[in-house]
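J.:
In this note's numbering, the protein residues as written are 191 to 550.
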């Protein structure tokens, strides 16, 4: 019973520390983040409309799902009506008027919040603060994953360009010649071959430069958000473990707090899965780049273009997972499944301990 009171406070404390830590890191790196967003804004996001629509759909789902859970988590505290909370609010600032409760404790000495005019202003002010907090939490939670989502989309566009290597450009038009002698035909074939080689070299060099821009963007991203991502993973893992501990003791909680605990557990697990999914999407897009190069008609290209493509493939053989904590943790769907197995075994262990304690 002591843990049922201590763990929620610990979760709230860790959550507030995480939000303010993210905000502090953003404030320190605001200029570098601005330059990173400028680079992201110059990326191609409209050439593949199907890919653009999928990215927009994922963004919409994330931006609707996370605020809903955050609002429920914060709003349930506003609607708390237990006897202990009434005593707390009464002793705080509402004195003998527990019906005029505010979402949070806004205690100003010498100001009676039982008056309707003062209460309305204070209530609207605290709702405004709550809206700002929810907006800040949503932006901080989704900012980094959405950047990774757009980076994966750019890699898919690069894979689409690699897959078309070796195909003659669609604007090819046969050369018109008045004579049909062997010399004229040979001259025409040489000019077409020269134009094709030039097109292949320009195309492969354009794709290589685009990949270099993506690599430079990824290096700059890792340099800015390395510390932030480390704390994000550690704090999310800690919150997930604490929320699972609270779920194990739902029978000791009132119904309203059960909803809050279940909501927090679902939100932390979903957000952790979203981070792992974005890391996995980077690896999927990296694998697709290699497959697209193999599926192209590289064997019909000129030798110089083949050498450039081979050097390009050597650069893309390294796995592209997110590796926080100096590579000690590799985020992805496999890592998330291992965490689920660990949580499941821990829940089974706790249930067996409860059964043995009840039998004893």
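Using N, Cα and C, we set each Cβ at its ideal position, and we do this for glycine too.
Keeping to the same chain, check which residues put their C-beta closer than 6 Å to that of residue 233; ignore five residues upstream and five downstream.
T.: 344
J.: Are the region 535–542 and the region 474–481 in contact at 8 Å, needing three or more beta carbon pairs?
T.: no
J.: Flag this pair as yes or no: are the beta carbons of residue 351 and residue 397 separated by less than 8 Å?
T.: yes
J.: Under 8 Å, do residue 483 and residue 499 count as touching if we go by C-beta distance?
T.: yes
J.: Look up residue 516 in the DSSP assignment and say whether it is helix, strand or coil.
T.: In the three-state DSSP reduction, residue 516 falls in the coil class, being neither helix nor strand.
J.: Rounded to whole angstroms, what's the CA-CA distance from residue 201 to residue 389? Just pull it up for me.
T.: 59 Å
J.: For a minimum of 4 consecutive residues, which ranges assigned as the alpha helix (DSSP H) are wholly contained in the region 460–525?
T.: 493–505
J.: Determine the DSSP secondary structure at residue 219, reduced to helix, strand or coil.
T.: In this structure, residue 219 counts as coil in the three-state DSSP scheme.
J.: Considering only their Cβ atoms, is the gap separating residue 467 from residue 512 smaller than 8 Å?
T.: no
J.: Rounded to the nearest angstrom, how far is the Cβ of residue 409 from that of residue 514, given a contact under 8 Å?
T.: With a Cβ gap of about 16 Å, residue 409 and residue 514 do not count as contacting.
J.: Are there three or more Cβ pairs, one per stretch, closer than 8 Å when the region 430–437 is compared with the region 451–464?
T.: yes
J.: Just the C-alpha distance for residue 452 and residue 544, rounded to the nearest angstrom, thanks.
T.: 20 Å
J.: Give me the Cα-Cα distance between residue 530 and residue 437, rounded to the nearest whole angstrom.
T.: 15 Å
J.: Please report how far the alpha carbon of residue 454 lies from the alpha carbon of residue 439, in whole angstroms.
T.: Rounded to the nearest whole angstrom, the C-alpha separation of residue 454 and residue 439 is 14 Å.
J.: Among 334, 326 and 393, whose alpha-carbon lies nearest the alpha-carbon of residue 226?
T.: 334
J.: Since residue 533 and residue 434 should fall inside the 8 Å C-beta cutoff, what is the C-beta to C-beta distance between them, to a whole number of angstroms?
T.: Rounded, the Cβ-Cβ distance is 6 Å, consistent with contact.
J.: Suppose you measure from the CA of residue 518 to the CA of residue 382; what does that come to, to the nearest Å?
T.: 54 Å
J.: Helix or strand or just coil, what does DSSP make of residue 416?
T.: helix
J.: Can you tell me whether DSSP reads residue 198 as helix, strand or coil?
T.: helix
J.: Could you tell me whether the Cβ atoms of residue 220 and residue 414 are closer together than 8 Å?
T.: When the beta-carbon positions are compared, residue 220 and residue 414 stay at least 8 Å from each other.
J.: For residue 213 and residue 425, which I take to be in contact (beta-carbon distance under 8 Å), what is that distance rounded to the nearest angstrom?
T.: About 13 Å; that fails the 8 Å criterion.
J.: Might you give, ordered along the chain, the residues of its own chain that have their beta carbon closer than 8 Å to the beta carbon of residue 523, omitting 5 neighbours on each side?
T.: 466, 467 and 470
J.: Could you check the C-alpha separation between residue 329 and residue 487 for me, to the nearest Å?
T.: 43 Å
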